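Sequences listed follow chains G, B and S, in order. With the first letter of the first sequence counted as 1, position 41 gets the number 34 in the numbering used here; the numbers rise by one all the way through. Just remember that the numbering used here sits 2 ahead of the position in the second sequence, which is counted from 1. Just remember that the numbering used here sits 3 ahead of the position in the third sequence, which is counted from 1.
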Amino acid sequence: MNDVGGMQGFPPVPQEPDEPPFHSDWEAHVFAINSALIGRGIYNLDEFRDAVERIPAQEYLASSYYERWLRGITTLLAERGIVTAEDLADG
Amino acid sequence: MSADHAGPAAGPAATVRRLEALLEQRGLIDAGQLDRVLGAFLARASPDNGARLVARAWVDEGFRERLLADANAALPELGLSMGGGIQEQRLKVVQNTADSHNVIVCTLCSCYPLALLGPSPTWYKSEAYRSRVVRDPRTVLREFGLELEPGVSISVWDSSAEARYMVLPRRPAGTEDLGEPELAALVTRNGLIGVAPL
Amino acid sequence: MAELFRIGDTVRARRVDPPHHTRLPRYARGAAGTVTDLLGHYPLPDRSARRLAAEPEPVYAVAFAAGELFGEGDHTVTIDLWESYLQPAAEEPRGGDTAGATSLPPRLRRDAPRGRP
């Protein structure tokens, strides 16, 4: 669902004047965590993009940008046995 | 279910807190440092950097040529660089002229010169922008309030690989007496992407 | 790796639809364009997304006419493309394995093994 260049049917571009760099702390932290994990070699940027692209289409479209990032990160961590879905749920 | 529990029904904020705690336990991140690292990133990477480059290019023809020929080599002249991120990316600066206008996109995700300009605007990441600007840039620019003369050709740059792009807008008329800081103050993030004249 | 193409060459984006990560946008596949720049040498992301060995290969800026891409429009779209995504324009549009000889079938790819591959 990411390969949307030229695809028809999308609405006018949503604009938000003077928006902040991140809309919430959790989004900023997702950005920072991703940089940290890539910097440590847990996964590379191509693997990250691939994990985001593997989100099922309907969930992908229903998710915000950083929700997709979070999903990609947790998928990669689960596939590597570093943090599983059960680990996340035991909060 | 309480918002504090990070199960499938938890909001992203709770999930992120839980994830940070787990990653710290496993020694993979220093959760206490995340805000400091973010602050440092946002302090060094912002559209102000792009504006300074544009202002210098406007007043110094030699710098303009160097910026267009090899932006990575020219950035250090202003104390700037594309480093500081995961790896230093190649920057290409494309200039607007009287009969050509440039606009930048990443149709496949949202690639952007983050290391120099900081985070991209939310609209840049949207499916609406990414799908439409390659097919009908003139209409998309019009939605941003930019109406180009019919004789102006449009070049759309799709950042699909490792290079990152920034637009060098045209210097507006009547600014001959302005110094670099005043010129830089005219340049906006949207202008550096190409959806505004400045 | 020596470059196959030079600035000014007409090239065609391969007509492929891989089941894996790729950076060849769908809207460019099968379209002919002109090489306008050589951007450097980088490993093919189709392979590095699966931690397959990938020698750095040339990446070109290729300018396409909007009419060639969409059948309408008077603008140009320049896309940065790895050499593996391109063929000489004189050849008939065809595919090619953009991930090299060891692509995994989709079923296996989506059930990726635990731990580092």
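Heads up, the beta-carbon is just placed ideally off N, CA and C, and yes, glycines get one too. All of these numbers come straight from a predicted model, not from anything done at the bench.
Exclusion of the five residues before and after B:G87 leaves L116, A117 as the residues of its chain whose Cβ lies within less than 7 Å of its Cβ.
Rounded to whole angstroms, the separation of the alpha carbons of S:Y63 and S:A57 is 17 Å. If you draw a straight line from the Cα of B:R20 to the Cα of B:T141, it is about 44 Å long. Residues of the region 22 to 41 of chain S that bring their beta carbon within less than 7 Å of a beta carbon in chain G comprise H24, P28, R29, Y30, in sequence order. Shown here, S:Q90 sits in a strand according to DSSP, grouped into three states.
In chain G, no part has a C-beta under 8 Å from the C-beta of S:P61; the shortest such distance is about 18 Å. Look at G:D11: its C-beta is not under 7 Å from any C-beta on chain S. Between S:L41 and S:S87, the C-beta spacing is not below 7 Å. In this structure, the CA atom of S:G36 is about 6 Å from the CA atom of S:V14. At a cut-off of 7 Å between beta-carbon atoms, G:D18 makes no contact with chain S. For S:G43, the chain B residues whose Cβ falls inside 9 Å of its Cβ are R92, A163, E164, A165, in order along the chain. Counting along the chain, the unbroken beta strand (DSSP E) around S:F67 starts and ends at 60 to 68. Contact between the region 22 to 41 of chain G and the region 68 to 83 of chain G is present: 3 or more CB-CB pairs across the two stretches fall below 8 Å.
Neighbours of B:S155 in chain S, taken as residues at a C-beta separation under 9 Å, are given in chain order as D77, H78, T79. Per DSSP, B:R166 is one residue of the beta strand (DSSP E) stretching across 166 to 170.
Interface residue (Cβ-Cβ distance to chain S less than 7 Å): G:G(-2) is classified as such.
B:E178 and G:M(-6) have their C-alpha atoms roughly 48 Å apart. Beta-bridge annotation (DSSP): B:S157 is paired with B:N104, S:T79. For S:D12, the closest Cβ of chain B is not nearer than 7 Å.
Cβ atoms of B:A15 and B:R92 stay farther apart than 8 Å, at about 36 Å. For S:A52, a Cβ of chain G is located within less than 7 Å of the residue's own Cβ.
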